[in-house]
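Student: Here it is, the structure in full.
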Amino acid sequence: MIFWEIFLAFFIPGIIGYGGGPASIPLIEYEVVHRYGWLSVEEFGEVLALGNALPGPIATKMAGYIGFEVGGILGASIGVFATVAPSLILMIALLSLLMKFKDSPKVKAMTNLVRPTIAILLGLMAYRFFDSSYFQIGFIQTAALVIISYLLLEKVKVHPAYIIAGALIYGGIFLG
């Protein structure tokens, strides 16, 4: 029964807390403090402060911590899943709707309008990564990583995950 309560305590705020973490925090507080009594107001404030101090979404960090305190590892897993489940369900529903109308001229036009925007955003992100790596590790290492990555991707057809892992290992050994 406790796992169902953990699920409800984080799923309900996820459904009705429009606006992300900051909008759902009072709803989570109501569930955790007032409805189920798992934490006091002071303890909830400390968990909130901890969630704000760490990088990433606040609600999922709070769900993981509170779920762990109440139900162990399974409770943490259920809490985090319940927090992301509303968004996941909505994404799947919208994707299925989009797939249903994928041959529609309006959907094709929308897709054609979105593609250049995504390409520009990805290009800007790549430029910022290149720019920051150029100033942090130098031109020679940056150029070497770019050239080797390009050759492995385009000529040897290595999966991008292996190239990313190799770059992380290289950075950890030689640049860390």
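Going by full-length UniProt numbering, the sequence shown runs without a break in its numbering and finishes at 176. Here a beta-carbon is modelled for each residue, glycine too, at the ideal position from N, C-alpha and C.
According to DSSP, is residue 185 part of a helix, a strand, or is it coil?
Tutor: Lying before the first or after the last residue shown, residue 185 is absent from the chain, which here runs from 1 to 176.
Student: I need the straight-line Cα distance from Gln136 to Leu175, nearest angstrom please.
Tutor: Gln136 and Leu175: Cα-Cα distance of roughly 10 Å.
Student: Is it right to say Gly79 is buried, meaning 16 or more other beta carbons lie within 10 angstroms of its own, or is it exposed?
Tutor: Buried, because 16 or more other Cβ atoms sit within 10 Å of the Cβ of Gly79.
Student: Within the same chain, show all residues whose beta-carbon is closer than 8 Å to that of Ala167, passing over the 5 residues directly before and after it, in chain order.
Tutor: Cβ within range, chain order: Leu145 and Ser149.
Student: For a test of the three-state rule: what should DSSP assign to His159, helix, strand or coil?
Tutor: In this structure, His159 counts as coil in the three-state DSSP scheme.
Student: Between the stretch 100 to 108 and the stretch 33 to 47, can you find at least three pairs of beta-carbon atoms closer than 8 Å?
Tutor: No contact exists between the stretch 33 to 47 and the stretch 100 to 108.
Student: Can you name the start and end residues of the alpha helix (DSSP H) that Leu74 belongs to?
Tutor: Segment Ile58 to Lys100, the alpha helix (DSSP H) holding Leu74.
Student: Could you give the distance in angstroms between the alpha-carbon of Gly171 and the alpha-carbon of Tyr127?
Tutor: If you take the alpha carbons of Gly171 and Tyr127, they lie about 19 Å apart.
Student: Provide the residue span of the alpha helix (DSSP H) that contains Phe7, from first to last.
Tutor: Counting along the chain, the alpha helix (DSSP H) containing Phe7 begins and ends at Ile2 to Ile16.
Student: So Phe11 and Ala85 are supposed to be a Cβ contact under 8 Å. How far apart are they, rounded?
Tutor: Confirmed, about 6 Å.
Student: Below 7 Å CB to CB, which residues in the same chain sit around Thr60 once its five sequence neighbours on both sides are set aside?
Tutor: For Thr60, where only same-chain residues beyond five positions count, the Cβ hits under 7 Å are Val80, Thr83 and Val84.
Student: Terminal residues of the continuous alpha helix (DSSP H) containing Ile148?
Tutor: Phe139 to Tyr150 is the extent of the alpha helix (DSSP H) around Ile148.
Student: I need the boundaries of the alpha helix (DSSP H) containing Val47, first residue and last residue.
Tutor: Counting along the chain, the alpha helix (DSSP H) containing Val47 begins and ends at Val41 to Ala53.
Student: Pick from Ile58, Glu31 and Gly71: whose alpha carbon is nearest that of Pro22?
Tutor: Of the listed residues, the one whose Cα sits closest to Pro22 is Ile58.
Student: I'd like the list of long-range same chain contacts for Gly17, defined as Cβ closer than 6 Å, with 5 residues on each side in sequence excluded.
Tutor: These residues qualify, in order along the chain: Ala23, Ser24 and Leu27.
Student: Between Ser40, Leu124 and Thr142, which lies nearest to Ile66 when the distance is taken from Cα to Cα?
Tutor: The option with the nearest alpha carbon to Ile66 is Ser40.
Student: Leaving out five residues on either side along the sequence, give the residues of the same chain with a beta carbon under 6 Å from the beta carbon of Tyr134.
Tutor: Cβ neighbours of Tyr134 beyond the five flanking positions: Thr142.
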